[in-house]
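In order, the protein sequence lines correspond to chains A and B.
At position 30 of the first sequence the residue is numbered 30 (the working numbering), and the sequence of numbers has no breaks.
Numbers given in the working numbering equal positions in the second sequence, counted from 1, plus 202.
Built from N, CA and C at the ideal position, the CB exists for glycine as well.
These numbers come from a predicted model, not from an experiment.
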Amino acid sequence: MTKPMYLYPLWVRLWHLANALMFLALIATGLSLQYSSMDYTIIRFDYAVSIHNITGIVLCVAYIFFLFANHFTSNGNYYQLHLKGMFDRTLKQLRYYSYGIFKNEEAPFPTVVGRKFNPLQKISYVFVMYIFMPVVVITGVALFFPDMLPDKIFGIGGVHFFDLIHIISGFILSIFIVIHIYFCTIGKTPLTNFKSMINGWH
Amino acid sequence: MKKLSLINLALLMSLFLCAQEITDEQAEHSPENSKCFNCHSSHTYTYYNDVIERNVTKRMNPYFLVDSVLYYDQNHSSFECIDCHSYDYRTFPHDNELQMDPMPSCLDCHEGDEETEEYNFEKIDLEFIESVHSTKHSDEFTCWMCHNPHTYKINARNNENVKETIVYDNNICLSCHADINKYQLISSEKNPNVIEKHDWLPNQIAHFASVRCIECHTHSTGDVLVAHHIQTKDKAVKKCVECHSSNSILMASLYKFKAQENRRKYGFFNAAILSDSYMIGANRNLYLNILSGAIFGIIIFLILIHAILRILLK
């Protein structure tokens with residue numbers, strides 16, 4: 001039996017919890033706004049706008065906090081990509097998830113103190129936190145001020161352009177969340193990883 | 203040198219053509235009107251006072267001023283002033299009694315008029331009679347309260363620029379609702395503050411710049427080109443989804459004249475709106491909907507297969 005490791009300090013857990021709750025609220029309200037209809041109502045339009053705006057601001061603050069925290073603590077090391085051999089490592093992890101896991105093989109990159117994320121986790125988290133999150137946050141903040149956006153960008157309306165980028169990146173993040181939640185069930189038991197994110201111990 | 207002369211010649215020709223055009227345009231205008239505009243398009247007018255036997259210059263009452271440029275750019279620009287005003291106005295000084303003459307209404311000319319049949323003036327009148335403007339203010343409220351007979355120009359169906367139409371049409375409402383003097387011509391009530399009354403509306407500036415007041419404040423039956431049944435405030439559209447949905451009511455009002463050719467372009471619902479604004483809920487894209495649904499479905503399917511295999515092969 002491996003010795004329990006304290007991998008998730010309190011601030012990471014609190015940030016992660018805030019992130020998760022805001023994400024769920026933003027996805028639900030975002031979908032409700034995008035598919036608003038007279039015939040059916042998921043969440044009343046004006047409520048959805050208010051919830052989406054408030055949770056968006058909280059997510060934005062949480063994201064800025066994350067950037068600072070990652071910059072000033074060792075947690076940022078987990079997000080540093082090492083390009084040399086990255087492709088092979090990622091492929092190895094992919095092979096494990098798509099084949100090895102069904103053969104009860106050992107995970108090729110088990111979690112240890114210096115390596116919280118496997119190569120596939122690392123690359124997806126970096127993409128999510130350093131590409132899609134900034135895009136969704138910046139476009140979201142811009143949409144708070146529709147009057148200040150340019151009339152036209154690449155031949156289409158400024159608000160339309162920002163909204164398209166916002167919903168496409170939001171959709172990609174939603175897909176990430178679904179996959180992320182499923183992969184969290186791949187632990188010693190399906191609930192092990194969820195418990196780790198609550199008590200901090202892996 | 204020869205080239206320069208040719209340019210000069212071309213410039214002279216174009217100047218001549220412009221001048222010719224202006225002269226032709228002026229010639230189209232009634233000489234009778236020019237006599238009226240001599241005084242009524244200027245802030246002062248001069249007349250010979252027989253009593254004191256000299257010319258006298260006076261200030262024109264600002265409410266009797268008519269902008270001749272706007273006049274000749276409006277719906278009834280071909281009209282002579284005396285088509286609507288009494289023939290006796292040709293005499294100066296005007297008889298004071300003439301001010302008591304009733305003004306003609308739109309239906310006086312347009313009722314049963316085959317030429318303007320498509321506008322359905324009779325139905326417009328019925329809608330107006332049911333509207334809050336008529337029920338609350340009775341006969342004092344005439345067509346002219348909104349449609350200034352000297353300047354009103356049809357906008358929505360002629361102007362490709364929807365934003366300009368919005369400003370033009372909203373200014374008609376604001377000419378009373380943001381002007382206490384005109385408002386109190388027919389009401390002793392305090393003019394409600396439009397901004398405060400719409401406090402509940404998110405992104406107020408964006409809404410005011412993107413839709414006309416009548417979009418929410420009229421009941422549209424589709425029988426007339428522009429709805430005239432202005433309703434009481436409690437019946438105004440307040441549900442966001444009435445506009446923010448794939449079957450947005452704006453397509454039957456503001457974007458009515460663009461709607462036919464532009465209902466769905468590049469997969470965007472209500473695409474006519476996109477050339478001027480963007481509305482969440484109304485401008486979703488069919489292809490992106492299908493693509494995102496397909497991607498989401500595939501992901502869920504793969505996860506299910508993966509989970510089932512994990513359970514079976516454990």
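| said: Output needed for Cys-445(B): all residues of its chain with C-beta closer than 7 Å, excluding positions within five of it in sequence on either side, in chain order. | reply: Here the question's residue 445(B) lines up with position 243 in the second sequence. For Cys-445(B), where only same-chain residues beyond five positions count, the Cβ hits under 7 Å are Ile-451, Leu-452, Met-481, Ala-484.
| message | Counting beta carbon pairs with one atom in the region 271-288 of chain B and one in the region 234-244 of chain B, are three or more of them shorter than 8 Å? | response | Yes: at least three Cβ pairs fall under 8 Å.
| said: Following a CB-centred definition, is Glu-362(B) positioned closer than 7 Å to any heavy atom of the ligand COA? | reply: In the structure shown, the ligand COA is absent, as is every other ligand, since no ligand is present at all.
| field | Test item: CB-CB of Thr-90(A) and Leu-120(A) under 8 Å | value | Reading the first sequence from its first residue, position 90 is the one you call residue 90(A). Reading the first sequence from its first residue, position 120 is the one you call residue 120(A). Going by C-beta atoms, Thr-90(A) is nearer than 8 Å to Leu-120(A).
| Given a threshold of 16 other Cβ atoms within 10 Å of its Cβ, counted over all protein chains shown, does Gln-406(B) qualify as buried or as exposed? | Walking along the second sequence from the start, residue 406(B) turns up at place 204. It is exposed - the Cβ of Gln-406(B) has fewer than 16 other Cβ atoms within 10 Å.
| task | Mind listing, in chain order, the continuous beta strand (DSSP E) runs of no fewer than 3 residues lying wholly within the region 240-295 of chain B? | result | 246-251, 256-261
| Counting pairs of beta carbons, one from the region 18-33 of chain A and one from the region 156-172 of chain A, are three or more of them closer than 8 Å? | yes
| said: Would you say Pro-404(B) lies against chain A (beta-carbon separation less than 8 Å)? | reply: By 1-based counting over the second sequence, the position of residue 404(B) is 202. It does: the Cβ of Pro-404(B) has a partner Cβ on chain A nearer than 8 Å.
| In chain B, what lies closer than 7 Å to Gly-155(A) by C-beta? | As a first step, residue 155(A) must be located in the first sequence, where it is residue number 155. Ordered by position in chain B, no residue passes the 7 Å Cβ test against Gly-155(A), which lies about 11 Å from the chain.
| field | Beta-carbon proximity check, Val-396(B) vs Ala-411(B), cutoff 8 Å | value | The count along the second sequence starts at 1 and reaches residue 396(B) at position 194. The count along the second sequence starts at 1 and reaches residue 411(B) at position 209. The answer is no: Cβ separation not under 8 Å.
| said: Determine, for Phe-239(B), whether the minimum Cβ-Cβ distance to residues of chain A falls below 8 Å. | reply: Along the second sequence, read from residue 1 onward, the residue named residue 239(B) stands at position 37. Any Cβ of chain A closer than 8 Å to the Cβ of Phe-239(B) would place that residue at the interface, and such an atom is absent.
| Alpha carbon of Ile-198(A) to alpha carbon of Ala-48(A), nearest angstrom | For the purposes of this step, residue 198(A) is taken as the residue at position 198 of the first sequence. For the purposes of this step, residue 48(A) is taken as the residue at position 48 of the first sequence. Rounded to whole angstroms, Ile-198(A) to Ala-48(A) spans 29 Å at the Cα level.
| Between Phe-330(B) and Ile-64(A), what straight-line distance do the alpha-carbon atoms span, to the nearest angstrom? | What you label residue 330(B) is simply residue 128 of the second sequence in a count that begins at 1. What you label residue 64(A) is simply residue 64 of the first sequence in a count that begins at 1. If you draw a straight line from the Cα of Phe-330(B) to the Cα of Ile-64(A), it comes to about 56 Å.
| query | Are the Cβ atoms of Met-86(A) and Val-58(A) separated by less than 8 Å? | reply | Here residue 86(A) corresponds to residue number 86 of the first sequence, with the count starting at 1. Here residue 58(A) corresponds to residue number 58 of the first sequence, with the count starting at 1. Cβ distance not < 8 Å, so Met-86(A) and Val-58(A) don't count as in contact.
| message | Can you give me the C-alpha to C-alpha distance between Tyr-79(A) and Arg-359(B), rounded to a whole angstrom? | response | For the purposes of this step, residue 79(A) is taken as residue 79 along the first sequence, with counting starting at 1. For the purposes of this step, residue 359(B) is taken as residue 157 along the second sequence, with counting starting at 1. Looking at the backbone, the Cα of Tyr-79(A) and that of Arg-359(B) are separated by about 57 Å.
| query | Any Cβ of chain B within less than 8 Å of the Cβ of Tyr-130(A)? | reply | Start at 1 with the first residue of the first sequence, and residue 130(A) comes out as number 130. Output row for Tyr-130(A): interface = no.
| query | Which partner residues of Tyr-220(A) appear in the DSSP bridge assignment? | reply | With chain A represented from 1 up to 202, any question about residue 220(A) goes unanswered, as that position is not in the structure.
| request: Using a Cβ cut-off of 8 Å (strictly closer), state whether Phe-102(A) contacts chain B. | output: Indexing the first sequence from 1 puts residue 102(A) at position 102. Judged by the 8 Å Cβ criterion, Phe-102(A) is in contact with chain B.
| Reference Lys-260(B), options Asp-252(B), Ile-254(B), Asp-269(B), Ser-244(B), closest by Cα | Residue 260(B) sits at position 58 when you count from the first residue of the second sequence. Taking only the C-alpha atoms, the option nearest Lys-260(B) is Ser-244(B).
| field | chain A contact for Ala-408(B) (CB, 8 Å cutoff) | value | Taking the second sequence and counting its residues from 1, the one referred to as residue 408(B) is at position 206. At least one chain A Cβ lies under 8 Å of Ala-408(B).
| message | Report the CB separation of Phe-343(B) from His-349(B) in whole angstroms; it is logged as a contact under 8 Å. | response | Within the second sequence, numbered from 1, the residue matching residue 343(B) stands at position 141. Within the second sequence, numbered from 1, the residue matching residue 349(B) stands at position 147. The pair is not a contact, with the Cβ atoms about 12 Å apart (cut-off 8 Å).
| Under 8 Å between C-beta atoms of Phe-162(A) and Leu-191(A) | Your numbering for residue 162(A) matches position 162 in the first sequence. Your numbering for residue 191(A) matches position 191 in the first sequence. For Phe-162(A) and Leu-191(A), no; Cβs fall outside 8 Å.
| query | How would you list, in chain order, the residues of chain A whose beta-carbon sits under 8 Å from the beta-carbon of Ser-479(B)? | reply | The sequence position of residue 479(B) within the second sequence is 277, counting from 1. The contacting residues are Gly-157, Val-159.
| field | DSSP bridge partner residues for Gly-76(A) (one or two, in chain order) | value | For this step, residue 76(A) is matched to residue 76 along the first sequence. Residue pairing by DSSP places Gly-76(A) in no beta bridge whatsoever.
| said: Just to confirm before moving on: does the CB-CB distance between Phe-266(B) and His-287(B) stay below 8 Å? | reply: Within the second sequence, numbered from 1, the residue matching residue 266(B) stands at position 64. Within the second sequence, numbered from 1, the residue matching residue 287(B) stands at position 85. Contact: no.
| said: Under 8 Å, with one C-beta from each stretch per pair, do the region 378-393 of chain B and the region 297-309 of chain B reach the 3-pair mark? | reply: no
| When the Cα of Ser-455(B) is compared with those of Ala-473(B), Phe-503(B), Arg-414(B), which residue comes out closest? | In the second sequence, counting from the first residue as 1, residue 455(B) sits at position 253. Nearest to Ser-455(B) by alpha-carbon distance, out of Ala-473(B), Phe-503(B), Arg-414(B), is Arg-414(B).
| task | Determine which residues of the region 18-39 of chain A have a Cβ less than 8 Å from any Cβ of chain B, and write them out in chain order. | result | Leu-33, Gln-34, Tyr-35, Ser-36, Ser-37, Met-38
| task | For Asn-70(A), count neighbouring Cβ atoms within 10 angstroms of its own Cβ and tell me buried if that reaches 16, exposed if not. | result | The residue given as residue 70(A) occupies position 70 in the first sequence. Buried, because 16 or more other Cβ atoms sit within 10 Å of the Cβ of Asn-70(A).
| request: Output, in chain order, the set of chain A residues within a Cβ distance shorter than 8 Å of Glu-444(B). | output: The count along the second sequence starts at 1 and reaches residue 444(B) at position 242. Near Glu-444(B) (Cβ distances below 8 Å), the residues of chain A are Met-38.
| query | Cβ of Gly-524(B) less than 8 Å from any chain A Cβ? | reply | Residue coverage of chain B in this structure runs from 203 to 516, which leaves residue 524(B) outside it and unanswerable.
| query | Ends of the alpha helix (DSSP H) at Gln-121(A)? | reply | The count along the first sequence starts at 1 and reaches residue 121(A) at position 121. Counting along the chain, the alpha helix (DSSP H) containing Gln-121(A) begins and ends at 119-127.
| query | Ordered along the chain, which non-local residues of its own chain (more than five positions away) have a Cβ less than 7 Å from that of Ile-475(B)? | reply | Locating residue 475(B) in the second sequence gives position 273, counting from the first residue. Same-chain partners within the cutoff: Leu-452, Tyr-457, Met-481, Ala-484, Asn-485.
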